[in-house]
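Report on the following structure.
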Amino acid sequence: MKTVAIVAEKGGVGKTSLSIHLGVAAAIKGKETVLVDLDPQASASKWGDSREAESPVVISCQASRLEKVLETARDGGAQLVVIDTAPHSESSALAAIRAADLILIPCQPSILDLRAIANTIDLVKLAKKTATVVLNCVPTRGSLGDEAADAIKEYNIPIAPVRICERTAFVRSLAGGLAAQEYEPKGKAADEIWEFYKWLCKQVKL
Ligand SMILES: Nc1ncnc2c1ncn2[C@@H]1O[C@H](COP(=O)(O)OP(=O)(O)OP(=O)(O)O)[C@@H](O)[C@H]1O
Ligand SMILES: [Mg+2]
């Protein structure tokens with residue numbers, strides 16, 4: 000079983016969206032997938048409630064229960080667990096960071112977001128782990144994405160080779176309990192997620 004944690008202390012950077020889209024990608028590929036929602040806002044869980052398909056399985060839990068939930072997932076044959084975490088919660092982020100084989104930090108290409116990832120990177124270091132930054136909500140035109148990638152180099156932390164752009168399919172799909180790959184399978188949002196998923200599989204040897 001491989002575990003991927005999506006963490007960022009800052010709110011609204013795309014943790015839940017990325018968790019859902021990666022969870023659905025794995026489920027479509029036939030992997031036994033569990034999406035663990037550590038956020039009391041329960042956004043991923045509410046998306047799960049509105050979803051007809053039974054996979055990925057969505058479980059809402061508190062950070063203090065994470066180890067036990069992961070044990071149950073492993074015993075139940077889960078192949079991939081994606082953990083969505085809460086913003087402004089060190090306990091939620093740290094629990095996920097400690098449990099993860101791969102840690103992803105979504106970051107939007109704005110100066111406020113670029114500054115804010117410093118706290119999350121510190122938490123990752125505290126746990127003696129490494130993480131990869133994922134540029135999310137990158138405008139499809141202009142150079143903001145490249146500028147952000149340059150700025151992130153100063154943190155000496157890897158950046159995922161696949162960027163996720165700002166696309167309405169990422170927003171609209173969620174309303175119907177879907178992900179972009181299901182809502183608009185031939186769209187650019189779906190393409191980006193599939194490319195990202197391929198990269199993720201290589202990283203965790205899934
Ligand atoms: N790539 C994208 N393109 C367009 N909109 C996006 C994208 N990623 C996220 N969003 C939108 O941005 C908003 C915040 O995303 P999301 O809820 O996933 O962030 P979050 O980090 O989980 O937030 P929180 O910290 O509150 O849990 C949502 O409205 C979501 O639909
Ligand atoms: Mg969220």
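Quick note on numbering: the sequence shown equals residues 0 to 205 in numbering that gives the first Met the number 0. We put the CB at the ideal spot given by N, CA and C, even for glycine.
Does the Cβ of residue 114 have 16 or more other Cβ atoms within 10 Å, making it buried, or fewer, making it exposed?
Mapped onto the sequence shown, residue 114 falls at position 115. Counting other Cβ atoms within 10 Å of its Cβ, residue 114 stays below 16 and is therefore classed as exposed.
Assumed close pair residue 96, residue 6 - CB separation to whole angstroms, cut-off 8 Å
Numbered from 1 along the sequence shown, position 97 holds the residue referred to as residue 96. Numbered from 1 along the sequence shown, position 7 holds the residue referred to as residue 6. For residue 96 against residue 6, the beta-carbon gap comes to about 6 Å, under 8 Å, which counts as contact.
Three or more C-beta pairs under 8 Å: does that hold for the region 141-150 against the region 178-186?
In short, these stretches do not touch, since the Cβ pair count stays below three.
Could you tell me which of 66, 94 and 41 sits nearest to residue 15, measuring between CA atoms?
Sequence index remark: in the sequence shown, residue 15 carries index 16 (1-based). Nearest option by C-alpha distance: 41.
Compare the C-alpha of residue 24 against each of 80, 118 and 131 and name the closest.
Indexing the sequence shown from 1 puts residue 24 at position 25. Measuring from the Cα of residue 24, the nearest candidate turns out to be 80.
Residue 74 to residue 0 span [Cα, whole Å]:
In the sequence shown, counting from the first residue as 1, residue 74 sits at position 75. In the sequence shown, counting from the first residue as 1, residue 0 sits at position 1. Near 10 Å, if we compare the C-alpha coordinates of residue 0 and residue 74.
Tell me, which residues are paired with residue 83 by DSSP?
Locating residue 83 in the sequence shown gives position 84, counting from the first residue. Within the DSSP secondary-structure output, residue 83 pairs in a beta bridge with 5 and 36.
Per DSSP, what are the beta-bridge partners of residue 58 in this structure?
Sequence index remark: in the sequence shown, residue 58 carries index 59 (1-based). Residue 58 is bridged to 35.
Under 7 Å Cβ to Cβ from residue 198, same chain only, skipping five residues before and after it: list those, please.
As a position in the sequence shown, residue 198 is number 199, starting the count at 1. Within the same chain, residue 198 has close Cβ partners 159, 160 and 161.
Using 8 Å as the cut-off, classify the Cβ of residue 202 as near or not near the heavy atoms of ligand 2, replying yes or no.
Here residue 202 refers to the residue found at position 203 when the sequence shown is read from its first residue. For residue 202, the shortest C-beta to heavy atom distance toward ligand 2 is 8 Å or greater.
Could you check whether residue 154 and residue 102 sit closer than 9 Å to each other, using their CB atoms as the reference points?
Taking the sequence shown and counting its residues from 1, one reaches residue 102 at position 103. Taking the sequence shown and counting its residues from 1, one reaches residue 154 at position 155. In terms of Cβ geometry, residue 102 and residue 154 do not form a close pair [threshold 9 Å].
If you reduce the DSSP assignment to three classes, tell me which class residue 200 lands in.
On the sequence shown, residue 200 is found 201 positions in, with the first residue counted as 1. Here residue 200 sits in helix by DSSP.
According to DSSP, is residue 131 part of a helix, a strand, or is it coil?
Residue numbering aside, residue 131 sits at position 132 when the sequence shown is read from its first letter. DSSP places residue 131 in strand when its eight states are reduced to three.
Considering only the alpha carbon of each residue, which of 68, 48, 30 and 26 lies closest to residue 37?
Translated into positions along the sequence shown, residue 37 becomes position 38. Residue 68 is the option with its Cα nearest to residue 37.
Counted within 10 angstroms of its Cβ, other Cβ atoms place residue 111 as buried (16 or more) or exposed:
For the purposes of this step, residue 111 is identified with residue 112 of the sequence shown, where counting begins at 1. That one is exposed.
Quick check: is any heavy atom of ligand 1 less than 8 Å from the C-beta of residue 189?
On the sequence shown, residue 189 is found 190 positions in, with the first residue counted as 1. Not under cutoff, so the answer is no.
Bridge partners of residue 164, per DSSP?
The sequence position of residue 164 within the sequence shown is 165, counting from 1. DSSP, once it has assigned bridges, lists 137 as partnering residue 164.
For the pair the region 41-56 and the region 123-143, tell me if three or more CB-CB distances fall below 8 Å.
No: fewer than three Cβ pairs fall under 8 Å.
Closer than 8 Å: is that where the CB of residue 78 sits relative to any heavy atom of ligand 1?
Taking the sequence shown and counting its residues from 1, the one referred to as residue 78 is at position 79. Checking every heavy atom of ligand 1 against the Cβ of residue 78, none is found closer than 8 Å.
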